[in-house]
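Everything on this sheet refers to the single structure shown next.
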Amino acid sequence: MPGRAVSAQEPRGRHADTPCQALRARGEQEEGGEGRAGEFQERRLVGESDPVLRPPAVPARQGPQDRCRDFRCGRRAGRRDTGFHRGVSEVGEEMMEINDQVQARLAKLAEMRERIGIDPYPARAFDAVSIPAIVAAGPSEAPVTAAGRLRSRREHGKAVFADLWGQDGSIQLYFRADDLGAERWTLVNLLDLGDIVRVSGPVFLTRSGELTIAVKDLALVAKSLRPLPVVKTDSMGKTWDALSDTEFMYRHRCVDLIVNPADRRRLAGRSKMVTALRSYLDRNGFLEVETPVLQPIYGGASAEPFVTRYRAQDETCYLRIATELYLKRLLVGGFDRVYELGKDFRNEGIDRTHSPEFTQLELYEAWADYGVMMRRFEEMVCEAAEAAGCGSTIVFHGMEISLRPPFERVGFVESLRKASNEDLFSWAPADLRKLCDRLEIAEGATDRETLIDKLFDHYVTEGIHQPTFVVDYPQFLSPLAKQKPGNPGITERFEAFVAGLELANAFSEQNDPLFQRKVLEEQAGSSDLHAGEVDEDFLFALETGMPSAGGMGIGVDRLAMLLFDAGSIRDVVLFPQLRRVRQ
RNA sequence: GCGCCCCUAGCUCAACUGGCAGAGCAACGGACUCUUAAUCCGUGGGCUCCGGGUUCGAUUCCCGGGGGGCGUACCA
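Per the numbering used here, residue 10 is the first one in the first sequence, and the count goes up by one each step.
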């Protein structure tokens with residue numbers, strides 16, 4: 010999901026990958042503001058007439074400041090007469106929480122504009138070398154240009170050390186009053202932690218051996234108005250005052266990504282993992298497709314859907330709970346290998362392993378069966394782990410787990426029989442219920458299907474740590490799977506478990522239209538709360554003829570949890586669902 | 001949905017059995033031109049999540065609400 014979604018947005022014009030080259034080709038160049046502190050020679054962006062974009066002067070709103078957007082802020086964003094609530098710097102301030110630190114930054118912002126005459130938010134493109142590349146190149150007499158965010162600042166009289174953080178690393182900066190001239194030195198003293206700057210200068214080693222840019226020129230790229238949490242790491246590698254408020258991290262992921270390198274690595278790693286999954290499928294002849302998210306009939310899983318209303322058609326529709334039924338239509342249509350990687354939505358509770366919108370990879374392969382799916386799963390997990398930088402052995406919650414294929418296979422019926430020491434399949438539902446009562450599980454359930462499933466979880470899956478395929482599920486748990494030849498009560502289905510996480514669900518797909526109709530109609534007529542309407546168009550497709558096929562759904566978030574040793578699904582999702590905070 | 005726990009300065013955390021809301025970092029002012037959790041001197045910063053109650057007095061106890069975490073339920 011993230012990989013593609015981002016790349017799909019790349020051709021956005023002014024933020025294209027190499028704006029400078031594009032501009033150079035067009036021969037558009039502009040004199041930089043010589044004599045204005047903090048202005049490099051710069052090229053104008055396409056379509057911009059005024060190099061110094063000033064926001065329009067909007068009159069400040071009247072009335073009491075009773076709005077507060079910070080969820081933790083109980084007090085009012087009171088206006089104080091500090092003398093800088095004038096001119097363009099005032100735009101938008103009435104919406105902000107103003108505390109002493111924000112106030113100090115606003116004052117510096119105004120001073121930059123009014124005293125030094127620079128634009129704190131210049132709309133410019135420029136070439137900057139990535140910080141890791143500068144670090145790799147080592148000391149250099151020739152000046153380099155770098156851009157990033159200032160963290161940590163160590164003042165030393167008329168010299169200042171600071172750390173500049175870019176996407177993949179950081180480097181120390183050294184500002185000296187003597188090197189910079191009065192105006193740029195003034196700018197240095199107006200910089201705050203969190204400001205985004207561009208610097209250039211030669212690279213040298215300090216006495217203590219730290220690679221450092223001796224800044225000879227600098228420009229502000231964007232002024233930060235909010236104080237960042239200040240996280241420090243000492244010489245022993247111990248971290249001090251790390252941001253640890255999970256609510257803050259989830260609600261303000263941008264800040265979390267800036268200050269918590271582990272979260273940054275985990276979330277970026279997830280994207281790489283997703284790219285690896287796509288790469289595997291693309292290489293193996295699978296076609297990536299997109300099927301409807303808004304569906305008139307939901308199906309393909311047993312789950313509570315989100316319900317919405319399509320006004321133009323005056324119809325109720327549902328956010329998809331699975332992509333299965335549409336992807337199978339494509340097998341009928343003659344696409345032999347298809348996959349979709351995207352979000353499914355289930356209107357159910359949130360816990361450590363469940364998210365109401367989660368990323369699922371579903372793939373379908375004609376002429377294959379669930380055995381082929383097992384092999385695909387093994388290969389994809391290995392490649393994903395490789396891409397995530399995990400190697401073939403990982404540690405999850407303290408357990409060492411080997412991802413080296415082949416994964417173990419255990420039969421559903423035999424493993425339950427063995428673990429429980431009973432033939433639970435011959436038990437009446439009432440007896441199963443009594444057993445569940447004794448084990449204190451499956452509260453409220455009375456039907457045989459749910460009870461057997463819960464007992465299986467209790468006896469078998471909770472004990473599975475190493476990657477394992479549980480194979481050959483009872484038919485009554487698997488309405489869309491094909492029966493095992495010569496064993497009609499059993500289906501060719503597996504679920505893949507690792508470290509107690511259910512990662513995949515796959516079957517040899519049911520392609521007998523009459524049998525499928527019977528199962529779906531029985532289900533729709535049952536008391537199952539989650540059974541939707543019978544999807545006639547899906548049955549129409551099966552009646553047209555679907556090749557035998559293997560199909561599989563993989564929980565992408567959970568695979569990421571496994572590879573990055575995450576304690577909660579929220580830790581591998583960039584923006585987890587949270588309640589909105591009401592005043 | 002239910003149960004338990006948490007919410008104090010921008011961040012990380014104190015505040016005994018109910019007795020003047022504190023520290024470090026950050027901020028602000030000052031000193032310091034190779035520091036790196038820089039250092040040194042000084043200053044400001046709080047509706048203690050919100051609303052009620054008990055009390056002479058509530059960050060602390062009680063009730064209600066909000067948000068979060070964990071567990072549980074729903075999730076073939």
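For each residue, glycine too, the CB sits at the ideal point set by N, CA and C.
In chain order, what residues of the same chain have a beta carbon less than 7 Å from the beta carbon of residue i, not counting five sequence neighbours either side?
| i | result |
| --- | --- |
| TYR348 | LEU290, PHE295, GLU297, LEU370, GLU371, LEU372 |
| TRP194 | ALA186 |
| PRO414 | GLU387, CYS391 |
| TYR259 | ARG579, PRO585, LEU587 |
| ALA532 | Checking the displayed sequence, the identity of residue 532 turns out to be Gln instead of Ala. Closer than 7 Å at Cβ, skipping near neighbours: PRO488, ALA540. |
| PHE213 | PRO148, THR221, ALA223 |
State the Cα-Cα distance for the pair residue i and residue j, rounded to the nearest angstrom.
| i | j | result |
| --- | --- | --- |
| VAL528 | PRO488 | 6 Å |
| VAL239 | ARG457 | 56 Å |
| LYS337 | MET389 | 21 Å |
| ASN356 | ILE563 | 19 Å |
| TYR327 | ASP109 | 48 Å |
| GLY534 | GLY498 | 21 Å |
| ALA393 | LEU200 | 42 Å |
| ARG274 | LYS247 | 18 Å |
| ALA454 | VAL469 | 19 Å |
| SER364 | GLY358 | 8 Å |
| LYS281 | ALA397 | 6 Å |
| ASP323 | VAL543 | 21 Å |
| THR459 | LEU303 | 29 Å |
| LEU220 | ARG114 | 29 Å |
| GLU504 | TYR307 | 22 Å |
| CYS263 | ARG235 | 12 Å |
| LEU237 | THR154 | 25 Å |
| PHE516 | GLN176 | 42 Å |
| LEU350 | THR368 | 7 Å |
If I measure Cβ to Cβ from residue i and keep anything under 8 Å in the same chain, skipping five residues before and after, which residues do I get?
| i | result |
| --- | --- |
| SER179 | ILE140, GLY157, ARG160, ASP172, LEU173 |
| TRP249 | VAL240, LYS241, THR242, ASP243 |
| GLU409 | THR402, ILE403 |
| ARG163 | VAL169, PHE170, ALA171 |
| PRO438 | THR455, ASP456, ARG457, LEU460 |
Go ahead and pull the three-state DSSP assignment for residue i.
| i | result |
| --- | --- |
| TRP436 | coil |
| ASP546 | helix |
| ARG385 | helix |
| HIS467 | helix |
| LYS352 | strand |
| ASN108 | coil |
| GLY175 | strand |
| TRP376 | coil |
| TYR319 | strand |
| ALA451 | coil |
| ASP445 | The question names Asp, yet the displayed sequence has Cys at residue 445. DSSP places CYS445 in helix when its eight states are reduced to three. |
| THR553 | helix |
| LYS427 | helix |
| CYS391 | helix |
| VAL479 | strand |
| ALA151 | strand |
| GLN532 | helix |
| LEU489 | coil |
| VAL419 | strand |
| PRO414 | coil |
| GLY559 | strand |
So, at 6 Å on beta carbons, what are the nonlocal neighbours of residue i in its own chain, with the 5 sequence-adjacent residues on each side left out?
| i | result |
| --- | --- |
| ARG418 | PHE478, VAL480 |
| VAL507 | PRO476, LEU571 |
| GLU123 | none |
| GLU366 | LYS352, PHE354 |
| MET383 | PHE478 |
| ASP574 | PHE405 |
| TYR482 | PHE421, THR500, ARG502 |
| ARG279 | ALA569, VAL581 |
| ALA600 | There is simply no residue 600 to check, as the chain begins at 10 and stops at 592 in what is shown. |
| ALA550 | ARG338, VAL341 |
| PRO152 | SER209, GLY210, PRO211 |
Does the segment 465 to 479 come close enough to the segment 418 to 437 to have 3 or more Cβ pairs within less than 8 Å?
Judged by Cβ distances under 8 Å, the segment 465 to 479 makes contact with the segment 418 to 437, as three or more pairs qualify.
Give a yes or no on contact between the segment 316 to 324 and the segment 372 to 386, applying the rule of three or more CB pairs nearer than 8 Å.
no
Could you tell me whether the segment 226 to 234 touches the segment 191 to 208, where touching means 3 or more Cβ pairs closer than 8 Å?
Yes: at least three Cβ pairs fall under 8 Å.
Ranges of the alpha helix (DSSP H) found wholly within the segment 244 to 323, counting only runs of at least 4
Qualifying alpha helix (DSSP H) stretches, in chain order: 255 to 260, 262 to 268, 270 to 292.
Which whole runs of the beta strand (DSSP E) in the segment 163 to 241 are 3 residues long or more, in chain order?
168 to 175, 178 to 185, 205 to 214, 220 to 224, 226 to 231
Between the segment 266 to 282 and the segment 508 to 519, are three or more C-beta pairs nearer than 8 Å?
no
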